[in-house]
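Heads up: take any position in the sequence shown, counting from 1, add 70, and you land on this note's numbering.
A quick write-up on the structure given underneath.
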Amino acid sequence: MEWKDGARCVVCLTFDYDVDTSWRNILRRHNIERDNPVVLSIGEYAPRAALPRILRLLKSHDVKAGFFVPGEVADRFTDSVKDIHIAGHEIGHHGYTHKNPARSTLKEEKEELARGSEALEKIIGYKPVGYRAPAADLSPNTYSLLVDHGLVYDSTMMNDDLPYIIDVEGKKIVELPIRWMLDDWVYFGFNMFPSLAYQSGISSQERVFEIWSAEFEAVYEEGLYFMLTMHPQIMGVPSRSKMLGRLIELMKSKEDVWFATPREIAEYWLEHRG
Ligand SMILES: [Zn+2]
C-alpha cells in the first residue's frame, strides 16, 4: 500500500467532542430523567479545560486532526467549536443530540442528521463531509441516509485494517474503520454513576502508550492505516495529553508517515481505489 507522496503509513488522530451529550444519553438509557449535574460535569470538562490543552498540543506538533461534533454541542458550545475550526482541524458530523442511530426511528435518525449538518454548517460554512455515529452504532438505514445528506465517508465500523468503499444505491461512500483497542474510552472511561459499565478501571497511561505504540509500529511495518479515536474529556487531562504528545513524537520520528485528517484519507482512497 502506498500512501500520499510515497508515505509508508498514514496516521489519523480523531476526537469525538461529545461534551455532556453522551452522558445525558447514558442517564436516559438508565431511565434517569433528571440531569445529574456531576455526571454532566465530566463532559463539561472538555470545553473548560481539556479542549484548549488538546488544541495546544496539536499546534505544537503541527498536526491536523478530525473532530466529530454533535450539532447540539456546536449550538451550545459554539466558541469552542469555532476554535477547533479556526485551528484548521476537520469538523465531522456526530449526530445532533448524540442519540444512538440503532435506537432511533427512521424519522429520528433523519432529524438528527439534518439538524447536525445545519448546526455545523453555521460554524464551518459548508455541510460536513464525514460522519462518525454517536455511541459507535449504525442502523440498517444509516448508510443510505448518509449518502442522501451528501456525506463522503463514515468512520464507525470495525471490520478492516484499511479504508474501503461501499456502494450505496449506486453512490460511493468510504468507510474509515476504527477499533476499540485504539479508543481512549476503553482504558480511561470511568464514572461512579449510573452504570457499572463505565467502571472498567482507570488504566495507567504507560500501559496505553505501550499498546498504542506497539500497534503503530506494526501498522507502520505493514504499511497500513492508524486511526486513533479519542475524546477531549478523557484524553485532555494533563498526564494523558502528555502521553499523546510522546506518541506523536514517536510517529514523527519516522519520516515516511503521513498525518492526515479523515477527509484527506477518504478523498485519497476514492481517488486511488475508487
Ligand atoms: Zn460520541
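The C-beta atom is built at its ideal place from N, Cα and C for all residues, glycine as well.
Residues that DSSP places opposite residue 242 in a beta bridge: Position 172 of the sequence shown holds residue 242. Residue 242 is bridged to 237.
Burial state of residue 284 (16 or more Cβ within 10 Å): For this step, residue 284 is matched to residue 214 along the sequence shown. Looking at its Cβ environment, which holds fewer than 16 other Cβ atoms inside 10 Å, residue 284 is exposed.
Sub-9 Å separation of residue 201 and residue 333 beta-carbons: Along the sequence shown, read from residue 1 onward, the residue named residue 201 stands at position 131. Along the sequence shown, read from residue 1 onward, the residue named residue 333 stands at position 263. Contact flag unset, no.
Residue 343 versus residue 336: straight-line alpha-carbon distance, rounded: One-based indexing of the sequence shown puts residue 343 at position 273. One-based indexing of the sequence shown puts residue 336 at position 266. In a straight line, the C-alpha of residue 343 is about 10 Å away from that of residue 336.
Euclidean distance between Cα positions of residue 231 and residue 81: Position 161 of the sequence shown holds residue 231. Position 11 of the sequence shown holds residue 81. Distance between the alpha carbons of residue 231 and residue 81: 12 Å.
Status (buried if at least 16 other CB within 10 Å, exposed otherwise) for residue 196: Here residue 196 corresponds to residue number 126 of the sequence shown, with the count starting at 1. Residue 196 should be labelled exposed.
Spatial distance of residue 259 from residue 269 (CA atoms): For the purposes of this step, residue 259 is taken as residue 189 along the sequence shown, with counting starting at 1. For the purposes of this step, residue 269 is taken as residue 199 along the sequence shown, with counting starting at 1. Going from the Cα of residue 259 to the Cα of residue 269 covers about 7 Å.
Closer than 8 Å: residue 90 CB and nearest ligand 1 heavy atom: Here residue 90 is taken as the residue at index 20 of the sequence shown, counted from 1. Outside the cutoff, so no.
6 Å Cβ shell around residue 137 - same chain, five flanking residues per side excluded: Counting from one through the sequence shown, the residue named residue 137 turns up at place 67. Excluding sequence neighbours, residue 137 sits near 85, 87, 154, 159 and 161.
Identity of the residue in 188, 282, 326 and 323 nearest residue 314 by Cα: Along the sequence shown, one-based indexing puts residue 314 at 244. Checking every option, the nearest Cα to that of residue 314 belongs to 282.
Near ligand 1: residue 140 beta-carbon under 8 Å from a heavy atom: In the sequence shown, the residue the question calls residue 140 occupies position 70. For ligand 1, at least one heavy atom lies less than 8 Å from the Cβ of residue 140.
Contact set for residue 147: own chain, Cβ-Cβ below 7 Å, skip 5 residues either direction: Mapped onto the sequence shown, residue 147 falls at position 77. In the same chain as residue 147, and ignoring 5 residues on each side of it, the C-beta atoms closer than 7 Å to its own belong to 89 and 117, in chain order.
Supposed close pair residue 141, residue 189 - CB separation, criterion 8 Å: Reading the sequence shown from its first residue, position 71 is the one you call residue 141. Reading the sequence shown from its first residue, position 119 is the one you call residue 189. Contact between residue 141 and residue 189 is confirmed by a C-beta separation of about 3 Å, below the 8 Å threshold.
Beta carbon of residue 143 nearer than 9 Å to that of residue 91: For the purposes of this step, residue 143 is taken as residue 73 along the sequence shown, with counting starting at 1. For the purposes of this step, residue 91 is taken as residue 21 along the sequence shown, with counting starting at 1. The Cβ-Cβ distance between residue 143 and residue 91 falls below 9 Å.
Own chain partners of residue 286 with C-beta closer than 8 Å, once the 5 adjacent residues on each side are dropped: For the purposes of this step, residue 286 is identified with residue 216 of the sequence shown, where counting begins at 1. 81, 296, 317, 320 and 321, listed in sequence order.
Exposure of residue 310, with buried meaning 16 or more beta-carbon neighbours within 10 Å: Within the sequence shown, numbered from 1, the residue matching residue 310 stands at position 240. Its Cβ being crowded by 16 or more others within 10 Å, residue 310 is buried.
Under the three-state DSSP convention, the category residue 163 falls into: Against the sequence shown, residue 163 aligns to sequence position 93. If DSSP states are grouped into helix, strand and coil, residue 163 belongs with the strands.
Through-space distance from residue 331 to residue 208, alpha-carbon basis: Counting from one through the sequence shown, the residue named residue 208 turns up at place 138. Counting from one through the sequence shown, the residue named residue 331 turns up at place 261. Rounded to the nearest angstrom, the two C-alpha atoms are 22 Å apart.
Cβ-Cβ distance between residue 299 and residue 248 below 9 Å: Residue mapping note: residue 299 aligns to position 229 of the sequence shown, counting from 1. Residue mapping note: residue 248 aligns to position 178 of the sequence shown, counting from 1. Yes, these two residues count as a Cβ contact at 9 Å.
Sub-9 Å separation of residue 120 and residue 307 beta-carbons: Counting from one through the sequence shown, the residue named residue 120 turns up at place 50. Counting from one through the sequence shown, the residue named residue 307 turns up at place 237. Closer than 9 Å, so yes.
Beta strand (DSSP E) segments (min. 3 residues) lying fully within the stretch 112 to 173: 136 to 139 and 160 to 163
Reference residue 145; option with closest CA among 185, 175, 112 and 261: Taking the sequence shown and counting its residues from 1, one reaches residue 145 at position 75. The option with the nearest alpha carbon to residue 145 is 185.
Simplified DSSP state of residue 232, which is helix, strand or coil: Translated into positions along the sequence shown, residue 232 becomes position 162. DSSP, read as helix, strand or coil, puts residue 232 in coil.
Selected residue, minimal CA-CA separation from residue 328, among 112, 108, 106 and 135: Walking along the sequence shown from the start, residue 328 turns up at place 258. Nearest to residue 328 by alpha-carbon distance, out of 112, 108, 106 and 135, is 135.
Where the beta strand (DSSP E) through residue 328 begins and ends: Translated into the one-based positions of the sequence shown, residue 328 becomes position 258. 327 to 329 is the extent of the beta strand (DSSP E) around residue 328.
Residue 246 vs residue 233 beta-carbon contact at 9 Å: Residue numbering aside, residue 246 sits at position 176 when the sequence shown is read from its first letter. Residue numbering aside, residue 233 sits at position 163 when the sequence shown is read from its first letter. Contact flag set, yes.
Selection from 273, 107, 175 and 339 that minimises the alpha carbon distance to residue 243: The residue you call residue 243 lines up with position 173 of the sequence shown. Ranking the options by Cα distance to residue 243, first place goes to 339.
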